[in-house]
Amino acid sequence: MVKLQDEFQISEHYSLKEYDDYMETKPLDQRIALDFIIDRFQKTPDLKVAEIAGGTGRFTKNLLHIFPKLKLTIIEPDKNCCLWLKKIKKKYNQIKIIQSYAENFRSRTKFDILVMTTAFHHIPFKTKDIFLKNMQNLLKKNGMFLLGDEFIAEYKTMKERTQILRKSYDIWIKTAKRAKDEKELKMALDMEKVVFRKDFGGEFFICPSKFESYIKKSGFKIKGKINVTNTDPLDFENYFYLLMK
Ligand SMILES: C[S@@+](CC[C@H](N)C(=O)[O-])C[C@H]1O[C@@H](n2cnc3c(N)ncnc32)[C@H](O)[C@@H]1O
387 MVKLQDEFQI SEHYSLKEYD DYMETKPLDQ RIALDFIIDR FQKTPDLKVA
437 EIAGGTGRFT KNLLHIFPKL KLTIIEPDKN CCLWLKKIKK KYNQIKIIQS
487 YAENFRSRTK FDILVMTTAF HHIPFKTKDI FLKNMQNLLK KNGMFLLGDE
537 FIAEYKTMKE RTQILRKSYD IWIKTAKRAK DEKELKMALD MEKVVFRKDF
587 GGEFFICPSK FESYIKKSGF KIKGKINVTN TDPLDFENYF YLLMK
């Protein structure tokens, strides 16, 4: 890996250790993505896979555990996350970690699979279209883009979006307090501080219908959609999408 740039995203706002521990309890969209990859792998053993926004390597570790020889390419802009991912490279030396924003990442290699977990909401509103266009360029003709993320309840205007977020955070905080769940409460309060910032604090959550209109504009087709959580929409529901060209 070349010298890392002083570029920071989640590690600017959260402790990576706390994030990693907390997210360990939320693996379902990742399990679904893994099953798709296992299935495709049986047909194409030399699969080219890129993970977008690797973070602390939650998905990366699961994937490499199943495919220890996979020449995985991981794109991640945050310097501290890249350093974290480097620890995984000690065991799986063949993986490639590239410090880049996904919108800017260019590659001559086209991929059979692009996978992105819990990160589309980190792509700024103004670059979501550019990001999806770039994913189109990176994917082979019959390739799959596996995307799992958290979505907020439906809204029409940005003002309504803030109201929805407010309600969701109030519920999250109240529920964590009632359950006396310190870990959950800390995560809710830490995130609350970030998401209501004027610059959105790097957390550009949207609702499923907005996501689907971005997808439609990008030329991707939604081939599968699963509501992984099936709770109340005000509870940040997690959806898994299978996208193809
Ligand atoms: C919530 S974490 C998810 C990490 C990991 N995929 C997981 O499931 O735990 C979001 C990640 O997106 C990264 N990120 C933020 N902006 C990005 C961008 N424009 N392109 C690619 N990754 C980005 C952050 O640095 C962070 O590592």
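Residue numbers (this note's numbering): 387 to 631.
Think of the CB as a built atom: it goes at the ideal place given N, C-alpha and C, for glycine as much as any other residue.
(request) Give the DSSP-derived three-state secondary structure of N528 in the structure shown. (result) As a working mapping, residue 528 is identified with position 142 in the sequence shown. Looking at N528 - three-state DSSP - the assignment turns out to be strand.
(request) Within the segment 556–592, note down every full beta strand (DSSP E) run reaching 3 residues or more, in order along the chain. (result) none
(request) Mind checking which residues open and close the beta strand (DSSP E) that includes L629? (result) If you number the sequence shown from 1, residue 629 lands on position 243. E623 to M630 is the extent of the beta strand (DSSP E) around L629.
(request) Taking only heavy atoms of ligand 1 into account, decide whether any of them is closer than 7 angstroms to the Cβ of C593. (result) For the purposes of this step, residue 593 is taken as residue 207 along the sequence shown, with counting starting at 1. No; taking the cut-off as 7 angstroms, the Cβ of C593 has no heavy atom of ligand 1 nearer than that.
(request) Just the C-alpha distance for H507 and C593, rounded to the nearest angstrom, thanks. (result) Within the sequence shown, residue 507 is the residue found at index 121, counting from 1. Within the sequence shown, residue 593 is the residue found at index 207, counting from 1. Each residue's Cα considered, the two are about 10 angstroms apart.
(request) Taking only the alpha-carbon atoms, compute the straight-line gap between K631 and D432 and give it to the nearest angstrom. (result) Working through the sequence shown from its first residue, we reach residue 631 at position 245. Working through the sequence shown from its first residue, we reach residue 432 at position 46. Whole-angstrom Cα-Cα distance: 21 angstroms.
(message) Suppose you measure from the CA of V501 to the CA of F531; what does that come to, to the nearest Å?
(response) The residue you call residue 501 lines up with position 115 of the sequence shown. The residue you call residue 531 lines up with position 145 of the sequence shown. Taking the straight line joining both Cα atoms gives about 6 angstroms.
(message) If you reduce the DSSP assignment to three classes, tell me which class F517 lands in.
(response) For the purposes of this step, residue 517 is taken as residue 131 along the sequence shown, with counting starting at 1. Helix.
(request) Using the Cα positions of K475 and V614, report the straight-line distance between them to the nearest angstrom. (result) Residue mapping note: residue 475 aligns to position 89 of the sequence shown, counting from 1. Residue mapping note: residue 614 aligns to position 228 of the sequence shown, counting from 1. Looking at the two C-alpha atoms, the distance is approximately 30 angstroms.
(request) Compare the beta carbon distance of A439 and E462 with 8 angstroms and say whether it is the shorter of the two. (result) Your numbering for residue 439 matches position 53 in the sequence shown. Your numbering for residue 462 matches position 76 in the sequence shown. In contact: A439 and E462 (Cβ atoms closer than 8 angstroms).
(request) Within the same chain, show all residues whose beta-carbon is closer than 8 angstroms to that of E489, passing over the 5 residues directly before and after it, in chain order. (result) One-based indexing of the sequence shown puts residue 489 at position 103. For E489, where only same-chain residues beyond five positions count, the Cβ hits under 8 angstroms are I509, T513, I516, F517 and N520.
(request) Determine which residues share a DSSP beta bridge with A436 and list them. (result) Start at 1 with the first residue of the sequence shown, and residue 436 comes out as number 50. Paired residues: T459 and L500.
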